[in-house]
């Protein structure tokens, strides 16, 4: 990302936010409702956000809501942030009729476009709004795409050269679903005038969470180090070798920042499916099976040369302590760590 | 006659439009329009069967675990797998957490804020409704959000995260639990029970669960002043607005079995029509496409051979929602259906008195919260931390499976057909597909379409508030509906 774009504006007044949902599941909003320390309403208040309309939270319905959207889309009434949750539905045949805005006889696609052109900041909430996501899986006959990407290809609804009123590209809070903290912190930084294009990675995702790998803080790290691998879901070992885990490649802080109090996918006993990445919905292999060529996983850890990976894997496999080897394929702990300093233990 | 188009509806999950014909201040006819099509059923064709566990929960962010459970059950039936006791119990706890949280979200964030609307400004109870339930700013939201978030810690522990977990598997769950973690689960439930007892109910869960008649409920409501609990505020408002007279449907209720384990299901499956219980004839389920935007040679399809071919050109169609029918009949699903089927005496009495309506649907949901949380406390004690949570077994190259379960808002079914090791067909019939179905081939309206007939429309109202109450009383989930 070019870091030399406009310096971020600073807001003394409340930031006016409108939130639309299109081709998605609503799960990012539901995840967001689980915000803690503090709760969502307090978090938004702290960030200086005024909710003009949110489909799950607002009282306003029907014509009042359409009236508001018309005023915002025409520029009659100014606003700051457009959040879109869910893919843009372009089908069938580019008409957008797979999702009509209730009460308006207009495709949601065209509402999104009009509002995006007026917003100071456009935020894609979740991988669907960012890249197309799950809704774009299979043959994508629904023609689902993201705001500024169609899968990995730049473009989407708004085009790769889109810049919002504040001079930023679409901010992609990718994830399926998002962690509440990912969005709340970005909104807070926008409100404080401290968010710029320099805070985005190569897919315009906030660096705040994508400078981490899911691997960072993984509780199975010791198994990874010794290539002590689980063979079936629910076993305790590393899931990279056999069970499709992409934690060493996926960019997110899921094992540093707890989900729902204490969890993460890997802590839940199932592999990371790299849901913050464009195209995660079609990995080209069964999600919970690692594709291999002559026994070597195709997807190597980030920044790891293949020859080194192979050499180190062979070495660490040879050095695997029996405790890890035995526990890796066990569902319930078989061998606890021992302490040689205490006699008789 | 006046025609009204009501939408966008918010505080429902997903997208909804309702078309009304109004005569003499009453709704004469309603057409319910699901406005979003995504195409999950086609997405799944050609995938390896287990991948359904990644895609299916992402149909819906609010019924995510229900979708996982239905998919896992369909896969389990196809593979002939049976979860061990621990796995079945863990799945029930995970699923119950989502369902109870959904009931809570519905009551506090989706349903009650309508009573804080300005249209009720002259009502004596309005000030209390605004203070407590005004959207975003009401004091109840500030109480409920942290309580709900802490309750969801159960899912952080047992399911990794919510929504969209892969922990629910055909053979059980991927996350075994140690004894100290059981202690944590019990503590989380204790905290949640405290919130429910002090804020939502103002009484013990056991008392709420055992309420046995309309008379007892009304007497209970009068025991203390309305502001003493959120349930009492609702009962007070409901009495004042006569919500019992609003939104009556067909009174034909259906439920699948809910929360099954080795010791039987917490809530049984079946149908309840005019006081008569009958077993569920799953083979009688079909979807009628007459008024939905789909092309097919057959306008009535059983799910195993169901198709999903979008076609916006069909003149008689007006919704993306298909019209499910049981042996050709319209059925209403949801907490009210589960509780009449389960024989909860209060809900039986309310339905005998005045059928399914705005009042009885909401009461059923709240009584169910009490009943399910009590069961969750028991389930945590039944887990044996030294034993397995998951069974494993291969999927045959050719197999069929049906996965039936109950989401918060009603009966959810997945019909899976595996051929040559790949998914050949996958059909999903969701709760709100039943409740918000369009008309069928015989012109019979769906449950909501029927429930809206007769709803009062005040002079000058363009978004009748009665319609808002009736629609939300079903706790609709439109993203599941069409998928």
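Residue numbers (our numbering), protein chains in the order written: chain S, 1 to 345; chain F, 1001 to 1483. Think of the CB as a built atom: it goes at the ideal place given N, C-alpha and C, for glycine as much as any other residue. Remember, it's a predicted structure, so these values are computed and weren't measured experimentally.
Where does residue i fall in DSSP's three states?
{"i": "residue 1204 of chain F", "result": "coil"}
{"i": "residue 172 of chain S", "result": "strand"}
{"i": "residue 1287 of chain F", "result": "strand"}
{"i": "residue 1 of chain S", "result": "Confidence in residue 1 of chain S is poor, its pLDDT being 38 and thus under 50, which makes the residue's placement too unreliable to answer from."}
{"i": "residue 292 of chain S", "result": "strand"}
{"i": "residue 153 of chain S", "result": "strand"}
{"i": "residue 1423 of chain F", "result": "strand"}
{"i": "residue 1310 of chain F", "result": "strand"}
{"i": "residue 227 of chain S", "result": "coil"}
{"i": "residue 1400 of chain F", "result": "strand"}
{"i": "residue 1263 of chain F", "result": "coil"}
{"i": "residue 212 of chain S", "result": "coil"}
Could you tell me which chain F residues have their CB closer than 9 Å to the CB of residue i, listed as they occur along the chain?
{"i": "residue 31 of chain S", "result": "1061, 1161, 1162, 1163, 1164"}
{"i": "residue 19 of chain S", "result": "Simply none; closest approach about 10 Å."}
Roughly how many angstroms separate the alpha carbons of residue i and residue j, rounded to a whole number?
{"i": "residue 1 of chain S", "j": "residue 298 of chain S", "result": "Reliability of the predicted coordinates at residue 1 of chain S is poor, the pLDDT of 38 falling under 50, and the value obtained from them is presented with this limitation in mind. Rounded to whole angstroms, residue 1 of chain S to residue 298 of chain S spans 28 Å at the Cα level."}
{"i": "residue 330 of chain S", "j": "residue 219 of chain S", "result": "16 Å"}
{"i": "residue 190 of chain S", "j": "residue 31 of chain S", "result": "21 Å"}
{"i": "residue 1430 of chain F", "j": "residue 36 of chain S", "result": "31 Å"}
{"i": "residue 108 of chain S", "j": "residue 58 of chain S", "result": "19 Å"}
{"i": "residue 1503 of chain F", "j": "residue 195 of chain S", "result": "Here chain F comprises residues numbered 1001 to 1483, so residue 1503 of chain F is not present and cannot be evaluated."}
{"i": "residue 44 of chain S", "j": "residue 26 of chain S", "result": "19 Å"}
{"i": "residue 1100 of chain F", "j": "residue 1062 of chain F", "result": "11 Å"}
{"i": "residue 1249 of chain F", "j": "residue 1077 of chain F", "result": "34 Å"}
{"i": "residue 5 of chain S", "j": "residue 167 of chain S", "result": "Summary for residue 5 of chain S: the model assigns pLDDT 46, below 50, so the residue's position carries little reliability; its value from the coordinates is reported in the next sentence. Between residue 5 of chain S and residue 167 of chain S, the C-alpha separation is close to 7 Å."}
{"i": "residue 62 of chain S", "j": "residue 1470 of chain F", "result": "15 Å"}
{"i": "residue 1420 of chain F", "j": "residue 1046 of chain F", "result": "10 Å"}
{"i": "residue 1483 of chain F", "j": "residue 317 of chain S", "result": "45 Å"}
{"i": "residue 252 of chain S", "j": "residue 1050 of chain F", "result": "25 Å"}
{"i": "residue 106 of chain S", "j": "residue 1317 of chain F", "result": "18 Å"}
{"i": "residue 1385 of chain F", "j": "residue 1265 of chain F", "result": "22 Å"}
{"i": "residue 1125 of chain F", "j": "residue 1378 of chain F", "result": "38 Å"}
{"i": "residue 1161 of chain F", "j": "residue 80 of chain S", "result": "31 Å"}
{"i": "residue 214 of chain S", "j": "residue 313 of chain S", "result": "20 Å"}
When we look at the beta-carbon of residue i and count the other beta-carbons within 10 Å, is it buried (16 or more) or exposed?
{"i": "residue 231 of chain S", "result": "exposed"}
{"i": "residue 134 of chain S", "result": "buried"}
{"i": "residue 1238 of chain F", "result": "buried"}
{"i": "residue 1221 of chain F", "result": "buried"}
{"i": "residue 1303 of chain F", "result": "buried"}
{"i": "residue 242 of chain S", "result": "buried"}
{"i": "residue 3 of chain S", "result": "With a pLDDT of only 40 at residue 3 of chain S, under the threshold of 50, the placement of this residue in the model should not be trusted; the figure read from the coordinates follows. The residue is exposed, with fewer than 16 neighbouring Cβ atoms inside 10 Å."}
{"i": "residue 205 of chain S", "result": "buried"}
{"i": "residue 370 of chain S", "result": "Outside the modelled stretch of chain S, which goes from 1 to 345, sits residue 370 of chain S, for which no answer is possible."}
{"i": "residue 1003 of chain F", "result": "exposed"}
{"i": "residue 1336 of chain F", "result": "buried"}
{"i": "residue 1462 of chain F", "result": "exposed"}
{"i": "residue 1427 of chain F", "result": "buried"}
Quick one: list the residues of chain F neighbouring residue i, beta-carbon separation under 7 Å, in chain order.
{"i": "residue 111 of chain S", "result": "Neighbours of residue 111 of chain S on chain F: none; closest Cβ ~10 Å, over 7 Å."}
{"i": "residue 100 of chain S", "result": "1035"}
{"i": "residue 212 of chain S", "result": "The contacting residues do not exist; residue 212 of chain S stays about 16 Å from chain F at best."}
{"i": "residue 97 of chain S", "result": "1312"}
For residue i, return the contacting residues in chain S, with the cut-off set at a CB-CB distance below 9 Å.
{"i": "residue 1010 of chain F", "result": "53, 54, 55, 56, 57, 58, 59, 60, 61, 62, 65"}
{"i": "residue 998 of chain F", "result": "This structure cannot settle anything about residue 998 of chain F, because the visible part of chain F is limited to 1001 through 1483."}
{"i": "residue 1015 of chain F", "result": "21, 22, 55, 99, 100, 101, 102, 108"}
Applying a beta-carbon distance threshold of less than 8 Å, which residues of chain F neighbour residue i?
{"i": "residue 137 of chain S", "result": "1043, 1055"}
{"i": "residue 36 of chain S", "result": "1146, 1149, 1150"}
{"i": "residue 263 of chain S", "result": "1155, 1156, 1157, 1159, 1160, 1161"}
{"i": "residue 23 of chain S", "result": "1036, 1038"}
{"i": "residue 141 of chain S", "result": "1039, 1042, 1310"}
Kindly list, in the order they appear in chain S, the residues whose Cβ is closer than 7 Å to that of residue i.
{"i": "residue 1068 of chain F", "result": "Residues of chain S passing the Cβ test: none, with the nearest at roughly 11 Å."}
{"i": "residue 1050 of chain F", "result": "286, 288"}
{"i": "residue 1493 of chain F", "result": "Given that chain F is displayed from residue 1001 to residue 1483, the structure contains no residue 1493 of chain F and the question cannot be resolved."}
{"i": "residue 1230 of chain F", "result": "None at all; the shortest Cβ gap to chain S is about 17 Å."}
Looking at the ligand COA, does it come within less than 7 Å of residue i, judged from the CB to the closest heavy atom?
{"i": "residue 1247 of chain F", "result": "The ligand COA is not part of the structure shown, which contains no ligands of any sort."}
#### Entry: Against chain F: residues of the segment 220-237 of chain S by CB proximity under 8 Å
Correct list: 232, 233, 234.
### Task
Please list the residues of the segment 1390-1405 of chain F that have a C-beta atom closer than 9 Å to any C-beta atom in chain S, keeping them in chain order.
Per Cβ criterion, the list reads 1390, 1392.
### Chain-ordered residues of the segment 176-194 of chain S with a beta carbon less than 8 Å from chain F
Against chain F - using a Cβ distance shorter than 8 Å - the residues of the segment 176-194 of chain S are 176, 177.
### Query
Relative to chain S, which residues along the segment 1430-1456 of chain F have a C-beta separation below 7 Å, given in chain order?
For the segment 1430-1456 of chain F, there are no residues whose beta carbon sits under 7 Å from a beta carbon of chain S.
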